[in-house]
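Report on the structure given below.
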Amino acid sequence: MSTPSKDPLLQVETTCGSLLYELQIIWDEVGESDVERDKMLLDLERECLEVYRRKVDSANRSRAQLRQAIADSEAELAAICSAMGERPVHIRQSDQNPGSLKAELRTLLPELEEMKRRKSERRNQFLEVLEQIQKIQIEIYATSLKTVLDETDLSLRKLEELHVQLQALEKEKSDRLKQVLDHMNTLNSLCLVLGMDFKQTIHDINPSLAETKGSKSISNDVIGRLAAAIERFREVKMQRMQRIQNLATSLLELWNLMDTPVEEQQMFQSVTCNIAASEQEIMEPNLLAVEFINYVEAEVSRLEDLKSSKMKELVFKKRSELEDICRKTRLLPESDNSMDIAIEAIESGALNPASLLEQIELQIGKVKEEAFSRKEILEKVEKWMAACEEECWLEEYNRDDNRYNAGKGAHLTLKRAEKARALVTKLPGIVDALAAKTIAWENERGTEFTYDGIRLLSMLEEYKILRQEKEEERIRQRDQKKLQGQLIAEQEALFGSKPSPMKQQSGKKGPRMSCGGASNRRLSLGGAMHAPKADPHSIRATPNTRQTKKNERQLNKREDGFAALSAGRRGLDIAGLAASRKHSLSEVEPSQPIFRKPFSPISSTESSKSLLEDFNRKHEMLQKTFQTSSNSTPFITPSKITLSATEDENRTPKTNMIPLVPSTPSTVSVPMQTVATPAPLDCLNQIKETVPEEIIEYSFEERRAGFVLPIAHLKTIIAI
Amino acid sequence: MAAVPPVRGRELSNPPSDGISNLRFSHHSDHLLVSSWDKSVRLYDASENILRGEFIHGGAVLDCCFHDDNSGFSASADNTVRRLVFNYEREDVLGRHDAPVRCIEYSYATGQVITGSWDKTLKCWDPRGASAQERALVGTYAQPERVYSLSLVGNRLVVATAGRHVNVYDLRNMSQPEQRRESSLKYQTRCVRCYPNGTGIAPELLHQNHFCSPGYALSSVEGRVAMEFFDLSEAGQSKNYGTFATGGCDGFVNVWDGNNKKRLYQYTKYPTSIAALSFSRDGRLLAVASSYTFEEGDKPHEPDAIFVRSVNEVEVKPKPKVYPNPAT
Chain A
36 MSTPSKDPLL QVETTCGSLL YELQIIWDEV GESDVERDKM LLDLERECLE VYRRKVDSAN
96 RSRAQLRQAI ADSEAELAAI CSAMGERPVH IRQSDQNPGS LKAELRTLLP ELEEMKRRKS
156 ERRNQFLEVL EQIQKIQIEI YATSLKTVLD ETDLSLRKLE ELHVQLQALE KEKSDRLKQV
216 LDHMNTLNSL CLVLGMDFKQ TIHDINPSLA ETKGSKSISN DVIGRLAAAI ERFREVKMQR
276 MQRIQNLATS LLELWNLMDT PVEEQQMFQS VTCNIAASEQ EIMEPNLLAV EFINYVEAEV
336 SRLEDLKSSK MKELVFKKRS ELEDICRKTR LLPESDNSMD IAIEAIESGA LNPASLLEQI
396 ELQIGKVKEE AFSRKEILEK VEKWMAACEE ECWLEEYNRD DNRYNAGKGA HLTLKRAEKA
456 RALVTKLPGI VDALAAKTIA WENERGTEFT YDGIRLLSML EEYKILRQEK EEERIRQRDQ
516 KKLQGQLIAE QEALFGSKPS PMKQQSGKKG PRMSCGGASN RRLSLGGAMH APKADPHSIR
576 ATPNTRQTKK NERQLNKRED GFAALSAGRR GLDIAGLAAS RKHSLSEVEP SQPIFRKPFS
636 PISSTESSKS LLEDFNRKHE MLQKTFQTSS NSTPFITPSK ITLSATEDEN RTPKTNMIPL
696 VPSTPSTVSV PMQTVATPAP LDCLNQIKET VPEEIIEYSF EERRAGFVLP IAHLKTIIAI
Chain B
883 MAAVPPVRGR ELSNPPSDGI SNLRFSHHSD HLLVSSWDKS VRLYDASENI LRGEFIHGGA
943 VLDCCFHDDN SGFSASADNT VRRLVFNYER EDVLGRHDAP VRCIEYSYAT GQVITGSWDK
1003 TLKCWDPRGA SAQERALVGT YAQPERVYSL SLVGNRLVVA TAGRHVNVYD LRNMSQPEQR
1063 RESSLKYQTR CVRCYPNGTG IAPELLHQNH FCSPGYALSS VEGRVAMEFF DLSEAGQSKN
1123 YGTFATGGCD GFVNVWDGNN KKRLYQYTKY PTSIAALSFS RDGRLLAVAS SYTFEEGDKP
1183 HEPDAIFVRS VNEVEVKPKP KVYPNPAT
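As they're listed, the protein sequences go chains A and B.
Count along the first sequence starting at 1, add 35, and that's the number in the working numbering.
Count along the second sequence starting at 1, add 882, and that's the number in the working numbering.
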């Protein structure tokens, strides 16, 4: 048939031409009509056209698809680029290179692939960061706001932002971790100081904290609870610290008070060394543990107990010391009552024993000082009393009819009697000297010299009166004896026998010798001294008795030193006074027998006595009023003068006030009292009314500072 | 500085504006604590000539002393006793008397501050209790008269009061004086200073070296100085009294040889009365407060000044005279 062509189209054309030819041949053979033939050919043409149209359509469609694909790819690419924040490169390419659609698509596809790959990479990066952020957020806030990845924005900038956010979160996390650790450290030290179990404490707050490994929870909640725990512990610590510091203060006070040995203190050194420490400074483990505080508290209460018992003991001791001194110096201690009250007050806690102790200490000091000043006179008093004792003994002895019997120890008794006689002759001198000294002392101090609460001067007066009485008695007896002698002589002359005069006498004499038994009892009452209040008038004579002696001995032992020191100016003063006194006394002495002997039967003295007593009473009143109003005006001086004038004969023994029975003039010198007594009072008034600065010295600094002693001080100075 | 004659020593800048009541060198450095009637306490660095700190009180300050190098105490005419902390310029009131506080000492032996006042009492304070006043007070001890001067050595405390009383206490038993004495001088006591126990700690106003027998020196307003001894029997035998310095209202500072009762040296006259003296810890420096002490009442006077001069060995060393047993 036809030659085969290489071109299929040519082949097809040839095939079509040959087929048409074949058809013409067939038609020719069939003899188809031309109409039929044309129709057939038209059909053929139409069918061919149809086929062409179909093909063109499909080609057209595929072209459109291809365009669509390209457009899609381009769009995708653009979307990715925009999401990734990059400039789409391919657009320019497509402009420059129109090429065929397929070629275009071909170039586009790898690009797209590449971009897709990059995008997924970027996306992974984002996811990773987001995941981390989320993780940290959950750690910190417990919940996370589930951040969803925004696919449309995968730009580097956004990534950067996320990284920054992540870093911020990480920083916060580390901060929080640090905070938690800090809190735990603080808590640990607090627990240590407070003696609490740290592990248990943090386990209660959050179990994760207690684990040594693994992450610790850093959530707000945990931090809050830690902070709260710290706050709570700190409060507890403050409270305990307050408590322990209070305890430490009491400890120190108690130690100080009781001189607690250092070894005992050592155990609590850790407590006391922190007495002034602030809250942060107290770091020592278990210092604030409950057990430790209780331990310290127990110690304090132990010391408290010890103190109260010791204090009482101390107060008693001091008190007895005070009483002892008082007893030895013949001063009356304050009533024991006040002591009982004080003890009660201590027990009830109303009074601070320390202050009481101090008070007693002060009193002791005062009494000691006073004792020192009284020393000299007291010694003389003791001497006097010893002499009195000897006198009494001598009297007894003289009454003993058998005293010259030679017996065992008779020579000793004789010797004693000899000594006693010598002593008795000195007695008036002793008494006078003592009285003079006492008056000087009283004038110097402006107070009475009391001996076991009784004024020494009145004791001396009493003694003198007694002596006077005795003297009278003796004279009377001598007269009687003489009379009796006469009587006996007469009787003898009448009846011959002569009875022993001694025997007759002894019956009468006994009770009369007042100095012996009766007065002695009185005296011993005085010597017993501790309850002298009952009847002061009955006890004024000389106390002798053993007790006195004992006291004297103790006193001597104790105050030997004092005596040596006492010399000084005062001694001189007294000596001077005594001398002048003596002079005045000698003037008065001669009149003595006239008004002495108040109990003697002589009527003239009787009357003078009552007169005198009357005067004394008045005088006393005067004195009292003067005393009470002593700071008013110096009216005293004139009254003194009148006194001395009227009294020349009566001689009130003292400026003082006890209504004295008239006494030996020798003790009481009238001129003395008129001069001496007003002097200090006058001076006192002067000081009060005139400028005190002239008397008180001031240092340059005091003058510069304008410092002036308050009046109260002045008074005390003068009183002293 | 050039204007001041070098013989007087260097004058400190920024002196107090009113009379100087006392000055003291620290025992640890060349710091100088100065109290004044201008209500101030000042801390100087004497070697650097710098005012390091200043405290202002409610009243004139009559005395001051160091605690350690960082703190000190002051006694004020407003009746208070204060503790001063130099680093923080902080001050606590340790407590108060009933009248102006005249003198103050710190005892290293007992760790207590001792103050004497015109209210006729002595008080001991524990500075550790500074936060609460009732804690700080250790004890109050009545004196026969207004306290004028105090001095300490070891556990001994000598208190000089008006009326020429001198009480010697043992700090370990303050309940009563160990000795009650009367000044051997005729007039009002101005100042008392204990002889150091050979430690060389230099007290002010009177400074001694080489004292062997325990005792004290006493000065009166009349200008005389007496040396007294705690143990009376010792006074006769003891030969080594050493040397000490005195300053008077005549403006002279004298150094004396107590052994021979001779003056060793007299410094150039200062412009006005010598209110206080202090030797530094090593005795190389002498601080002299030249300040009118009101002895003639209120009158115009030279400005108050502090001089710091160096001390030559020659000026204070006793002349090598024949002693039976020379000073060691």
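Note that CB positions come from ideal geometry on N, CA and C, so glycine has one too.
Since we're looking at a predicted model, the values are computed, not measured.
Out of the options, which has the shortest C-alpha to C-alpha gap to residue i?
i, options, result
"B:Arg934", "B:Val967, B:His979, B:Glu1110 and B:Ser1065", "B:Val967"
"B:Met1056", "B:Ala1024, B:Pro982 and B:Tyr1030", "B:Ala1024"
"A:Ser35", "A:Ile317, A:Ser117, A:Leu197 and A:Glu174", "Since the displayed chain A opens at 36 and closes at 755, residue 35 of chain A lies outside it and no answer follows."
"B:Asp1001", "B:Val1020, B:Asn969, B:Thr962 and B:Tyr990", "B:Thr962"
"B:Asp1231", "B:His909, B:Asp951 and B:Gly901", "There is no way to answer for residue 1231 of chain B, as the model of chain B reaches only from 883 to 1210."
"B:Arg1075", "B:Glu1177, B:Arg1062, B:Ser1102 and B:Gln1058", "B:Ser1102"
"B:Arg984", "B:Val1196, B:Glu1110 and B:Cys1073", "B:Cys1073"
"A:Cys83", "A:Val297, A:Glu48 and A:Gly464", "A:Glu48"
"B:Asp980", "B:Gly1140, B:Ser922 and B:Thr1003", "B:Thr1003"
"B:His913", "B:Ala991, B:Gly954, B:Thr1150 and B:Val943", "B:Gly954"
"B:Glu936", "B:Lys1144, B:Ala1042 and B:Leu915", "B:Leu915"
"A:Ser734", "B:His1183, B:Phe1189, B:Lys1181 and B:Phe1176", "B:Phe1176"
"A:Lys418", "A:Met318, A:Ile465 and A:Arg89", "A:Ile465"
"B:Pro1182", "B:Ser903, B:Ser1160, B:Thr1154 and B:Arg1191", "B:Thr1154"
"A:Glu424", "A:Gln398, A:Tyr498, A:Arg365 and A:Ser493", "A:Tyr498"
"A:Val402", "A:Asn329, A:Gln515, A:Arg738 and A:Asp359", "A:Asp359"
"B:Leu1168", "B:Tyr990, B:Phe907, B:Ser903 and B:Gln1061", "B:Phe907"
Would you say residue i touches the ligand NAP, meaning its beta carbon is less than 8 Å from a heavy atom?
i, result
"B:Ala959", "Looking for the ligand NAP in the displayed structure turns up nothing, as the structure carries no ligands at all."
Quick check: is the beta carbon of residue i nearer than 9 Å to any beta carbon in chain B?
i, result
"A:Thr284", "yes"
"A:Gly34", "The structure shown does not extend to residue 34 of chain A, since chain A spans only 36 to 755, so no value can be given for it."
"A:Leu397", "yes"
"A:Thr699", "Annotation note: pLDDT 44 at A:Thr699 (below 50); position unreliable, coordinate value reported separately. Judged by the 9 Å Cβ criterion, A:Thr699 is not in contact with chain B."
"A:Glu732", "yes"
"A:Glu737", "yes"
"A:Ala406", "no"
"A:Leu744", "yes"
"A:Asn779", "Nothing can be reported for residue 779 of chain A, as the shown portion of chain A is limited to 36 through 755."
"A:Gly442", "no"
"A:Ala455", "no"
Measure the beta-carbon distance from residue i to residue j and round it to whole angstroms, keeping in mind my assumption that it falls under 8 Å.
i, j, result
"B:Ala1108", "B:Leu1146", "Incorrect: roughly 18 Å between the Cβ atoms, too far for contact."
"B:Glu1027", "B:Gly1045", "4 Å"
"B:Val851", "B:Gly1129", "Beyond the ends of chain B as shown, which are 883 and 1210, falls residue 851 of chain B; an answer cannot be given."
"B:Asp1186", "B:Ser1173", "4 Å"
"A:Ile317", "A:Thr284", "That pair is no contact at about 15 Å."
"A:Val257", "A:Asn241", "5 Å"
Does residue i have its Cβ less than 9 Å from a Cβ in chain A?
i, result
"B:Gly827", "As displayed, chain B neither begins before 883 nor continues past 1210, which places residue 827 of chain B out of reach and without an answer."
"B:Gly901", "yes"
"B:Trp1138", "no"
"B:Trp919", "yes"
"B:Asp1180", "yes"
"B:Phe1126", "no"
"B:Ala1171", "no"
"B:Pro1185", "no"
"B:Arg1028", "yes"
Is there at least one Cβ from chain D nearer than 9 Å to residue i's Cβ?
i, result
"A:Ala422", "No chain D is present in this structure, whose protein chains are A and B."
Beta strand (DSSP E) runs contained entirely in the segment 1021–1057 of chain B, provided each spans 3 or more residues | The DSSP assignment places 1029–1035, 1038–1043 and 1047–1052 as complete runs of the beta strand (DSSP E) inside the segment 1021–1057 of chain B, in order along the chain (cut-off: 3 residues).
Relative to chain A, which residues along the segment 1057–1068 of chain B have a C-beta separation below 7 Å, given in chain order?
-> So the list reads Ser1057 and Gln1058, given in the order they occur along the chain.
What residues from the segment 988–1004 of chain B come within 7 Å of chain A, judged by C-beta to C-beta, listed N to C?
-> Within the segment 988–1004 of chain B, Trp1000 place their CB atoms closer than 7 Å to a CB of chain A, listed in sequence order.
Residues of the segment 333–351 of chain A with Cβ closer than 7 Å to any Cβ of chain B, in chain order | The residues in question: there are none.
In the segment 468–485 of chain A, which residues sit with their C-beta less than 7 Å from some C-beta in chain B, listed in chain order?
-> Within the segment 468–485 of chain A, no residue has a Cβ lying closer than 7 Å to any Cβ of chain B.
Give, in chain order, every residue of the segment 958–979 of chain B whose Cβ lies closer than 7 Å to some Cβ of chain A.
-> Within the segment 958–979 of chain B, the qualifying residues are Ala959.
Members of the segment 922–944 of chain B near chain A, C-beta cut-off 7 Å | Interface annotation for the segment 922–944 of chain B against chain A: Ala942 and Leu944, criterion Cβ-Cβ distance under 7 Å.
At which residue ranges does the segment 108–196 of chain A contain complete alpha helix (DSSP H) runs of 4 or more residues, listed in the order of the chain?
-> DSSP runs (the alpha helix (DSSP H)) wholly in the segment 108–196 of chain A: 125–131 and 136–176.
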